[in-house]
Amino acid sequence: MTKSGLHKLLIYAVLFGLAGCAENKYIKTTDRLCVPAAAKTDAMAVAEQVLTGMHFSIEKLDVETGYIRTNPLSGAQTFEFWRTDNVGSFNRAEADLHSIRRTVELNLSKQSGQLCINCRATTQRLSLPQDQDAAGKGYTNLAESRRSAQKLKLGHEQKANITWTDLGRDNQLETEILKRIESRLLADKKQLNTSGKEPKK
Numbered sequence: 016m017t018k019s020g021l022h023k024l025l026i027y028a029v030l031f032g033l034a035g036c037a038e039n040k041y042i043k044t045t046d047r048l049c050v051p052a053a054a055k056t057d058a059m060a061v062a063e064q065v066l067t068g069m070h071f072s073i074e075k076l077d078v079e080t081g082y083i084r085t086n087p088l089s090g091a092q093t094f095e096f097w098r099t100d101n102v103g104s105f106n107r108a109e110a111d112l113h114s115i116r117r118t119v120e121l122n123l124s125k126q127s128g129q130l131c132i133n134c135r136a137t138t139q140r141l142s143l144p145q146d147q148d149a150a151g152k153g154y155t156n157l158a159e160s161r162r163s164a165q166k167l168k169l170g171h172e173q174k175a176n177i178t179w180t181d182l183g184r185d186n187q188l189e190t191e192i193l194k195r196i197e198s199r200l201l202a203d204k205k206q207l208n209t210s211g212k213e214p215k216k
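To convert, count from 1 in the sequence shown and add 15; that's our numbering.
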């Protein structure tokens with residue numbers, strides 16, 4: 016193994032170690048938030064802002080039914096330091112090692128005088144089929160290799176057989192999204208109470 020390969024292996028080992036030890040940011044996760052005295056339309060607007068602020072694009076938004084679904088978003092890479100869709104060290108390391116994408120769904124409804132928001136974030140990993148004659152060809156799919164960049168070159172059959180494997184729900188991302196929505200709703204409510212004016216959206 017080359018020095019650069021060993022160096023990368025050590026970095027990923029440290030990252031995965033940190034995921035289990037140093038960063039248990041969300042020991043308790045949640046997929047549901049209930050806020051008293053919140054208007055559904057206001058909450059929908061806030062939820063949309065939170066999602067787009069995390070670089071998700073909206074596929075469907077239905078104010079009447081209180082439903083929002085995003086398009087799949089590819090997991091942020093290490094150099095994309097401005098993005099916040101990878102919550103926790105494990106998820107950051109996984110997005111660097113694999114092609115990951117996440118989709119978020121929100122359902123808003125009035126229940127017992129409260130507005131409740133249910134969040135579901137699902138994760139998928141890209142699975143690339145190997146060429147039948149690819150045994151022993153190590154890096155046949157990597158073309159135009161340079162020190163700064165490598166381009167993945169796929170055959171027609173591989174492109175046709177690309178699949179996304181479901182990895183289940185991302186509970187940490189669900190919790191982060193709901194925390195951000197709650198924070199924005201509480202801030203807007205506080206601003207309304209102190210100024211008597213509707214907060215700017």
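The beta carbon of each residue, even a glycine, is placed where N, CA and C say it ideally should be.
| Shortest alpha-carbon distance to T85 belongs to which of V102, S104, Q64? | With distances taken between Cα atoms, T85 lies closest to Q64.
| Residue burial classification, E109 (beta-carbon count within 10 angstroms, cutoff 16) | Its Cβ being crowded by 16 or more others within 10 Å, E109 is buried.
| message | Give me the residue from T180, T80, K55, D57 with the minimum Cα distance to R117. | response | The shortest C-alpha separation from R117 is found at T180.
| request: Using alpha carbons as the reference points, say which of A91, T44, L143, A54 lies closest to L200. | output: Restricting attention to A91, T44, L143, A54, the CA atom closest to the CA of L200 is found in A54.
| How far does the beta strand (DSSP E) with A136 in it reach, from first residue to last? | Run containing A136: 129-142, per the beta strand (DSSP E) assignment.
| said: Tell me the DSSP secondary structure of I83 in three-state form. | reply: I83: strand per DSSP, three-state reduction.
| field | Three-state secondary structure (DSSP) of T209 | value | It is helical.
| request: Would you kindly check if the distance between the Cβ of A62 and the Cβ of I177 is under 8 Å? | output: Not closer than 8 Å, so no.
| said: Taking 8 Å as the threshold (C-beta atoms), are R135 and L182 in contact? | reply: Going by C-beta atoms, L182 is not nearer than 8 Å to R135.
| message | Rounded to the nearest angstrom, what separates R98 and L121 at their Cα positions? | response | Between R98 and L121, the C-alpha separation is close to 20 Å.
| said: Which of the three DSSP states is assigned to Q92 in this structure? | reply: Q92 falls in the coil class under three-state DSSP.
| request: Could you spell out where the beta strand (DSSP E) holding G183 opens and where it closes? | output: 178-184 is the extent of the beta strand (DSSP E) around G183.
| For D46, which residues of its own chain have a beta-carbon under 8 Å away from its beta-carbon, when the five flanking residues on both sides are left out? | These residues qualify, in order along the chain: N133, C134, R135, R184, N186, E189, T190, L193.
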